[in-house]
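The listed protein sequences correspond, in order, to chains A and B.
If you're matching positions, the first sequence starts at 1 in this note's numbering and goes up one per residue.
If you're matching positions, the second sequence starts at 112 in this note's numbering and goes up one per residue.
Glycine included, C-beta positions come from ideal geometry on N, C-alpha and C.
Here the structure is a predicted model, which is why all the values come from computation and not from measurement.
Here the structure comes first, spelled out in structure tokens, and everything after it is commentary.
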Amino acid sequence: RKEVEQDPGPFNVPEGATVAFNCTYSNSASQSFFWYRQDCRKEPKLLMSVYSSGNEDGRFTAQLNRASQYISLLIRDSKLSDSATYLCVVNPGAGSYQLTFGKGTKLSVIP
Amino acid sequence: ETGVTQSPTHLIKTRGQQVTLRCSSQSGHNTVSWYQQALGQGPQFIFQYYREEENGRGNFPPRFSGLQFPNYSSELNVNALELDDSALYLCASSLKTGEETQYFGPGTRLLVL
Numbered sequence: 001r002k003e004v005e006q007d008p009g010p011f012n013v014p015e016g017a018t019v020a021f022n023c024t025y026s027n028s029a030s031q032s033f034f035w036y037r038q039d040c041r042k043e044p045k046l047l048m049s050v051y052s053s054g055n056e057d058g059r060f061t062a063q064l065n066r067a068s069q070y071i072s073l074l075i076r077d078s079k080l081s082d083s084a085t086y087l088c089v090v091n092p093g094a095g096s097y098q099l100t101f102g103k104g105t106k107l108s109v110i111p
Numbered sequence: 112e113t114g115v116t117q118s119p120t121h122l123i124k125t126r127g128q129q130v131t132l133r134c135s136s137q138s139g140h141n142t143v144s145w146y147q148q149a150l151g152q153g154p155q156f157i158f159q160y161y162r163e164e165e166n167g168r169g170n171f172p173p174r175f176s177g178l179q180f181p182n183y184s185s186e187l188n189v190n191a192l193e194l195d196d197s198a199l200y201l202c203a204s205s206l207k208t209g210e211e212t213q214y215f216g217p218g219t220r221l222l223v224l
């Protein structure tokens, strides 16, 4: 089983749609969780951290379920500018600062 | 922008050659991590440097080596290049206080022919 697995995608959605990305991780001791966004041929950029209580940043909502080792990202009212690859990222913690990335899910928002 | 810079932006090498990639971390950050991102894949952790010492290593062979300098800038060296080393090499800096947020540079795109 891969350490971090994401929906394979790609997701093609119309503007205004709501889209959800799912991610599972294998290391139950993992401490920190993130969603990064990566535009084509660019570096990954932190979109948001994910907390057990769930967190929201504008149109973006992230959820973490530690019991199921499951992370999600919900994007409401999709914009053309949301088109990118979304990377689920896990830090195993316990003094490690290594980030483990999923393969990414590509989102294309269509006019 | 994150303030993390990398050089060069692009590089073409042939099999068997050696390459050195450079990274300048964000001001105040003392930790640098290197990642390899093959086409269509997520970044894979190579190693991390903290205060000039290696602080963790991923599943990469010894021909991948690194350095961190007193000003916290860093180098990634790859010897005996193979075709599969063709990838985007990303450097990320962070402030090692328990906050794991890492800020990525724009990367160096390496092509091995």
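Neighbouring residues, chain B, relative to residue i (Cβ below 9 angstroms)
i	result
A:F101	Y146, Q148, Q152, G153, P154, Q155, F156
C-beta atoms of residue i and residue j nearer than 9 angstroms
i	j	result
A:R62	A:S81	As written in the sequence, residue 62 of chain A is Ala, which differs from the Arg given in the question. In this structure, A:S81 does not lie closer than 9 angstroms to A:A62 by Cβ.
A:A20	A:S78	no
B:L201	A:E43	yes
A:T85	A:L107	yes
B:S185	B:Y160	yes
A:G104	B:Q117	no
A:C23	A:I75	no
B:H121	B:T212	no
Residue i: contacting residues in chain A (beta-carbon distance under 7 angstroms)
i	result
B:G105	Because chain B is modelled from 112 through 224, residue 105 of chain B falls outside the range shown and cannot be assessed.
B:T116	Within chain A, no residue comes near B:T116; the closest Cβ sits about 11 angstroms away, beyond 7 angstroms.
Residue i: contacting residues in chain A (beta-carbon distance under 8 angstroms)
i	result
B:Q129	Chain A residues near B:Q129: none, gap ~24 angstroms exceeds 8 angstroms.
B:F215	E43, P44, K45
B:T120	Residues of chain A passing the Cβ test: none, with the nearest at roughly 11 angstroms.
Contact set between residue i and chain A, taken where Cβ atoms lie within less than 9 angstroms
i	result
B:L231	Absent from the model: residue 231 of chain B. The displayed extent of chain B is 112 to 224, so no value can be given.
Close Cβ partners of residue i (< 6 angstroms) along its chain, the five nearest in sequence each way excluded
i	result
A:V89	F34, Y36, L99, F101
B:R133	S118, E186
A:D39	A84
B:I123	L222
Identity of the residue in the options nearest residue i by Cα
i	options	result
B:P119	B:I157, B:E112, B:S135	B:S135
B:G139	B:K207, B:F171, B:W145, B:P217	B:K207
B:G216	B:G167, B:I123, B:H121, B:Q137	B:Q137
B:N170	B:Y183, B:Y161, B:R162, B:F156	B:F156
B:G114	B:S144, B:Y214, B:T219	B:Y214
A:Q69	A:R41, A:Y51, A:G58	A:Y51
A:S53	A:R66, A:N91, A:K45, A:L47	A:R66
Per-residue contacts from residue i into chain B (C-beta, under 8 angstroms)
i	result
A:L107	What A:L107 touches in chain B: nothing, since even the nearest Cβ is about 15 angstroms away.
Neighbouring residues, chain B, relative to residue i (Cβ below 7 angstroms)
i	result
A:L87	G153
A:G104	G153
7 angstroms CB neighbourhood of residue i in its chain, flanking five on each side removed
i	result
B:A149	A198
B:D196	V189, L221, V223
Check: residue i C-beta below 8 angstroms from any heavy atom of the ligand HEM
i	result
B:S197	You won't find the ligand HEM in this model; it holds no ligand whatsoever.
Own chain residues within Cβ distance below 8 angstroms of residue i, not counting five before or after
i	result
A:E15	S78, K79, L80, V109, I110, P111
A:G93	A29, S30, Q31, S32
Problem - contact_flag[the region 18-37 of chain A, the region 127-137 of chain B] where n(CB pairs < 8 angstroms) is 3 or more - result: Contact between the region 18-37 of chain A and the region 127-137 of chain B is not established, with fewer than three Cβ pairs separated by less than 8 angstroms.
Exercise for the section: Kindly confirm or deny that the region 159-179 of chain B and the region 7-14 of chain A touch, where touching means at least three C-beta pairs closer than 8 angstroms. Expected result: Touching, no.
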